Amino acid sequence: MDLTLVLMLAGLGAFIGFAAGLLGIGGGMILVPFLTMLLPGVGIPRELLVHAAIATAMSTILFTSVSSVRAHHARGAIRWDIVAVMGPGLVVGGLLSGGFVFSLINDAWLSLFFGLFVIYSAFKMLKGKAPPAGRTMPGSVVTAGVGAGIGFISGFLGAGGAFMSVPFMARGNVPMHNAVATSAALGFFIAVANSVGYIYSGFQEAGDQPNMLGYIYWPALLVVASLSVLTAPLGARCAHGLPVKSLKRVFAVLLFSLGTYMLYDAFVAFFGG
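Structure (structure tokens):
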């Protein structure tokens, strides 16, 4: 990688780490569109581009989530009881998605799926109504099943699942700051399972590409992760001083903007231009 690309990735890493701590996201949904723009510069072919962007973004969550979780845990904000129930399902769903289904979907469809789902999540976050006061989290079986679904879907998006887990917990009247903090811990399980899957399936499809570990472009992983772990605790500290509505608006605006870009990328992939 040339110096310009390294500096751009470093800046992304710093921003993503802050966002991870602030919003409870792993940063993957922010990183994927930018990697889709940047990775052609290192010679990754179009047919592998979105796969590499998603896998690389997901692998960075291994590092950002640990840094973010430490900061949130120090404030006692993580609901570890929810993590214990959802964690096994997240791993099963992630392994199935990253290890087997991910490689079967071409880049254009991945971009389209990413864009539509992210925009949908943005609108849901903006217009979401407060749940009835008496509503609580569902039972363990349902919660574990939801975890499996989140782990599976996240594997197609390179995301830590906060766009689904935060609204799910908020619907069960988990306070927003606790939901954000808990989603950071859930993101680690998603990242581990899907990263293992990307490495396994990617060796069969991208094994001849330089500097790639399966579908993961490891030089970008190193640069982004090195900066993100430094800024995630700062974002976590800011999260506990912001009002709930501000958190939701920031989250939704980010999702909508990045989803729109990925729809454009899908259009180009399908129709050329």
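Residues in the sequence shown are numbered from 0 upward in steps of one, following numbering that gives the first Met the number 0.
Backbone N, C-alpha and C fix where the C-beta goes; we use that ideal spot for every residue, glycine too.
Keep in mind it's a predicted model, so treat the numbers as computed, not measured.
6 Å Cβ shell around residue i - same chain, five flanking residues per side excluded
{"i": "residue 31", "result": "52, 53, 56, 157"}
{"i": "residue 230", "result": "13, 16, 17"}
{"i": "residue 120", "result": "162, 254"}
{"i": "residue 143", "result": "84, 88"}
{"i": "residue 218", "result": "0, 210"}
{"i": "residue 153", "result": "160, 189"}
Reduced DSSP secondary structure (H/G/I, E/B, other) of residue i
{"i": "residue 216", "result": "strand"}
{"i": "residue 211", "result": "strand"}
{"i": "residue 175", "result": "helix"}
{"i": "residue 156", "result": "coil"}
{"i": "residue 231", "result": "helix"}
{"i": "residue 87", "result": "helix"}
{"i": "residue 80", "result": "helix"}
{"i": "residue 32", "result": "helix"}
{"i": "residue 275", "result": "Limits of the chain in this structure are 0 at one end and 272 at the other, which puts residue 275 out of reach."}
{"i": "residue 15", "result": "helix"}
{"i": "residue 242", "result": "coil"}
{"i": "residue 104", "result": "coil"}
{"i": "residue 264", "result": "helix"}
{"i": "residue 74", "result": "coil"}
{"i": "residue 201", "result": "helix"}
{"i": "residue 60", "result": "helix"}
{"i": "residue 163", "result": "helix"}
{"i": "residue 44", "result": "coil"}
7 Å Cβ cutoff met for residue i and residue j
{"i": "residue 109", "j": "residue 49", "result": "yes"}
{"i": "residue 28", "j": "residue 185", "result": "no"}
{"i": "residue 9", "j": "residue 222", "result": "yes"}
{"i": "residue 94", "j": "residue 196", "result": "yes"}
{"i": "residue 151", "j": "residue 96", "result": "yes"}
{"i": "residue 4", "j": "residue 190", "result": "no"}
{"i": "residue 88", "j": "residue 147", "result": "yes"}
{"i": "residue 268", "j": "residue 107", "result": "yes"}
{"i": "residue 68", "j": "residue 183", "result": "yes"}
{"i": "residue 70", "j": "residue 242", "result": "no"}
{"i": "residue 181", "j": "residue 104", "result": "no"}
Through-space distance from residue j to residue i, alpha-carbon basis
{"i": "residue 257", "j": "residue 98", "result": "25 Å"}
{"i": "residue 35", "j": "residue 266", "result": "14 Å"}
{"i": "residue 138", "j": "residue 166", "result": "17 Å"}
{"i": "residue 83", "j": "residue 228", "result": "24 Å"}
{"i": "residue 100", "j": "residue 187", "result": "20 Å"}
{"i": "residue 76", "j": "residue 164", "result": "15 Å"}
{"i": "residue 64", "j": "residue 271", "result": "37 Å"}
{"i": "residue 200", "j": "residue 192", "result": "12 Å"}
{"i": "residue 136", "j": "residue 264", "result": "37 Å"}
{"i": "residue 273", "j": "residue 260", "result": "A question about residue 273 goes unanswered here, because the residues of the chain that appear run from 0 up to 272."}
{"i": "residue 43", "j": "residue 114", "result": "21 Å"}
{"i": "residue 204", "j": "residue 45", "result": "13 Å"}
{"i": "residue 92", "j": "residue 40", "result": "32 Å"}
{"i": "residue 79", "j": "residue 171", "result": "15 Å"}
{"i": "residue 141", "j": "residue 2", "result": "48 Å"}
Residue-chain proximity (residue i, chain C), Cβ-Cβ < 7 Å
{"i": "residue 0", "result": "Reference to chain C is not applicable here, since this structure consists of a single protein chain."}
Sequence-distant residues of the same chain with beta carbon closer than 7 Å to residue i, five excluded per side
{"i": "residue 220", "result": "55, 58, 59"}
{"i": "residue 33", "result": "11"}
{"i": "residue 226", "result": "9, 12, 13, 16"}
{"i": "residue 123", "result": "166"}
{"i": "residue 202", "result": "213"}
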